[in-house]
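Residue numbers (our numbering): 488 to 1370.
Shown next, in structure tokens, is the structure this report addresses.
Printed below as a string of structure tokens:
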């Protein structure tokens, strides 16, 4: 069924109705998060609003079951119903894929009586909403209903809090301590969970319930919808508690606004609000910037704050208020959502500090106020492992600034080869430009003549020499630089830097390693040290062993269990790696690996698991962000450089996406990395389980992809961070916003590798853990099928796309199906042929371990080709083009 989205300025969008077939009205708002649609729809703050999701591919992982945790709180939703009036998306996935899901998004909406509309240009719609000064009203009208029959309704004139708040008192974890009185103005379940998990007994009361803290230790004010000025009963109740002997109060979102109003401040309606998972907020009087989840259309006027009340956080983009606190009493609140769900988990520790504040007050210990507690928390958190401090102390004491560096060496990649090619040319070029901006002389060492970074006029001086300790030492002797950058030339540059450190060259000539220290590099590259450090912070690595001879390898494999992955330490592009199912194969692979490195890694095989990676950036002030996450279409077992990669991830839930994000930040902080790095995960496709595969403490091929996919210049900023800049002070030249920001995409990116294996007649066409590709292409589209087809066509000019006829179907087709289980560089065309010849998605998933969501999307391409082939004439009816 068709339908229409109508705005109050007369703009009409035509789309297709899903969910409930009904017409509705409400305030129309947009949200920029790329995951978490079940959490958003059940957030009471969206009550009576038509929610527009700017990420175009929605419904990919379906909807989870209505199961509860041990405290009786729903695990997958933020309340017990959908509160949004309607949903607007670019494309609804008609097929979903996730182990936790029990139904599709459309079925869930239909059962809940909520309409959705897809096929809308959400990018254009978002621009229109942003252009309005006083919000935007809208309506979804189903086909056959006159547009004028459905009236525009402004929900902000109603007391929406009264409509969403609980009607009765509820108690959670009754035997817990401390006792928290929780005012439900439209609470999210994870706020409740965050308190209960910290041992608190939580008494949830309605929005207008009298507030008597005589039998309680603290007060919590929840989020909620609508205009805070309409909650006068709550405001008056809070005001009575703001006394010199008052007990601790913590408010979130609407709770923040209510506390502000009770204190005597004013609020105002924003033009279009802040709704998303990537809003940067600055802590008062610091260089600390945090990435937050937000959902609000009103804000506190900081200028109206009375005496003794101070701003706690400020939005780094629009400079609106993001928190307040009392200068000496235990009252504070934040505009963002530290409980997340959906969104980043970076500030969940505020619940720890609130409980700490409550317990201190209960014991008559006033202690520091909240801003000091937050700063103390960050100081404890920022201590990296011994030997990996890099220049952190020097940076944080303010003794370091870029002007102290006059001349810096940049190590480029080794000779162009498979595994080190254009991606490091891109990174090095960006680093040189960053040095130029700071008026630092750049000395480039790079053996490759035909590269951009060696072009005349870019670097101040270029040495066309191999990246070895001998030649680099000679350049250091001659040039006498005061700094060196090791992370812009791939594995070759890292290995060279480690060797220079061992030989004492850097110390002898007083050359500072800028950015990530040698100690950090060694701790991430040496598998034994890496594993030991991850265990210290409670993270899991794939069961493995570092061995130094064949006998040790055989013993390790028996202990771990076959099959195993054999890898060379300190290797480029998985060189010399492979899977061993037998001892004979293991011995052959280990002998081959020992010829390249004294250390060989034996890992348990997790073939078939999902491979996911994050690009992480950290500055010397411990600000940490994840710029891009990526999901491999091919399962674990195929090197990332050999795999089709999609950004952002398509089949991860909010819990998975943000758990892996949080882990990435924890790991990067622990190793004391300054600049950019890449972390790779193995994710179990059948339950919530993951292992850390590796951390690359440098820019990689994935970094170049992430930079181009997001418009965030990773290498440029990494060089600036190595010089002592903070993420907060750097600006993105395109958006003019702070670099302490995680891009939220409204498109899909697909990367496909290019191989030239036909040039090497004796080389196997099978692809696996060792990289053979010589390059890659990247395509962007609002649909996965669009980006995938574009990328395939760019890889090879003679390929028309996902062509089912490139692999001929005949008696030998069964042998071609071996490529599905044992992939080659042409496997995707075998998948196309199999789909064309009736193979089901389930069968192909069993053979390839490719997630079913991707296979359904590929099937869409083949199905549409078959549909078009059904037309015998050259005249195409309009519905073909519409479809």
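Ideal placement from N, C-alpha and C gives every residue a C-beta, glycine not left out.
| Check | Outcome |
| --- | --- |
| Using the DSSP secondary-structure output, state which residues sit across from residue 1117 in a beta bridge. | 1100 |
| In terms of residue numbering, what span does the alpha helix (DSSP H) encompassing residue 813 cover? | Here residue 813 belongs to no alpha helix (DSSP H); instead the beta strand (DSSP E) covers 808 to 813. |
| Out of 1236, 1251, 671, 974, which has the shortest C-alpha to C-alpha gap to residue 1278? | 1236 |
| When the Cα atoms are used, what is the spatial distance from residue 1017 to residue 967? | 33 Å |
| Drop a sphere of 10 angstroms on the beta-carbon of residue 852, count the other beta-carbons inside from all chains shown, and report buried for 16 or more, exposed for fewer. | exposed |
| Flag this pair as touching only if the segment 752 to 763 and the segment 725 to 733 have three or more C-beta atom pairs under 8 Å; answer yes or no. | no |
| Which full runs of the alpha helix (DSSP H) of 4+ residues lie inside the segment 1186 to 1258, going along the chain? | 1188 to 1197, 1201 to 1209 |
| Which residues in the same chain have their Cβ closer than 7 Å to the Cβ of residue 1029, if we skip the five residues on either side of it in sequence? | 1090, 1091, 1093, 1169, 1178, 1180 |
| Starting from the Cα of residue 574, find the closest Cα among 606, 567, 555 and give me that residue. | 606 |
| Between the segment 1104 to 1111 and the segment 786 to 800, are three or more C-beta pairs nearer than 8 Å? | no |
| Tell me whether residue 854 sits in a helix, a strand or coil according to DSSP, three-state version. | coil |
| Report buried or exposed for residue 614, applying the criterion of at least 16 other Cβ atoms within 10 angstroms of its Cβ. | exposed |
| Please name the residue, chosen from 1220, 1211, 1206, that lies closest to residue 1198 on a Cα-to-Cα basis. | 1220 |
| Is residue 1380 helix, strand or coil when you go by DSSP? | Any question about residue 1380 goes unanswered here, given that the chain covers just 488 to 1370. |
| Is it true that the CB of residue 1014 sits closer than 9 Å to the CB of residue 1040? | no |
| Going by beta-carbon coordinates alone, are residue 648 and residue 717 separated by less than 9 Å? | yes |
| On the DSSP letters alone, give me the boundaries of the beta strand (DSSP E) that residue 1267 sits inside. | 1262 to 1268 |
| Residue 758 to residue 541, Cα distance in whole Å? | 18 Å |
| Determine the burial state of residue 507: buried for a count of at least 16 other Cβ atoms within 10 Å of its Cβ, exposed for fewer. | buried |
| How would you call residue 896, buried or exposed, if buried means at least 16 neighbouring beta carbons within 10 angstroms? | buried |
| Beta-carbon within less than 7 Å of residue 1239's beta-carbon, same chain only, minus the 5 sequence neighbours each way: which residues are those? | 1131, 1263, 1264, 1278, 1279, 1282 |
| Could you compute how far the alpha carbon of residue 1285 sits from the alpha carbon of residue 1321? | 21 Å |
| Among the residues of its own chain, which have a CB less than 6 Å from the CB of residue 939, if the five just before and after it don't count? | 912, 916 |
| Should residue 586 be labelled buried (16 or more other beta-carbon atoms within 10 Å of its own) or exposed? | exposed |
| Out of 601, 622, 550, 1324, point me to the one whose CA is closest to residue 592's CA. | 550 |
| Using a Cβ-Cβ cutoff of less than 8 Å, which residues in the same chain neighbour residue 672 once the five nearest sequence positions on both sides are dropped? | 648, 651, 652, 694, 708, 709, 710, 711, 718, 721, 741, 742, 745 |
| Residue 500 by DSSP, collapsed to three states: which one? | strand |
| Relative to the C-alpha of residue 523, which candidate in 1140, 1314, 1174 has its C-alpha closest? | 1140 |
| Within the same chain, show all residues whose beta-carbon is closer than 6 Å to that of residue 1228, passing over the 5 residues directly before and after it, in chain order. | 767 |
| Please list the terminal residues of the continuous alpha helix (DSSP H) segment that includes residue 1149. | 1141 to 1158 |
| In the structure shown, what three-state DSSP assignment does residue 578 receive? | strand |
| Can you tell me where the alpha helix (DSSP H) holding residue 1425 begins and where it ends? | The requested residue 1425 does not occur in the structure, where the chain is confined to residues 488 to 1370. |
| Nearest to residue 501 by alpha carbon, out of 1123, 628, 1350, 995? | 628 |
| Can you tell me whether residue 1177 is helix, strand or coil according to DSSP? | strand |
| Taking just the CA atoms, how far does residue 1316 sit from residue 1294? | 6 Å |
| Grab me the residues of residue 782's own chain with a C-beta within less than 6 Å of its C-beta, minus the 5 sequence neighbours each way, in chain order. | 532, 762 |
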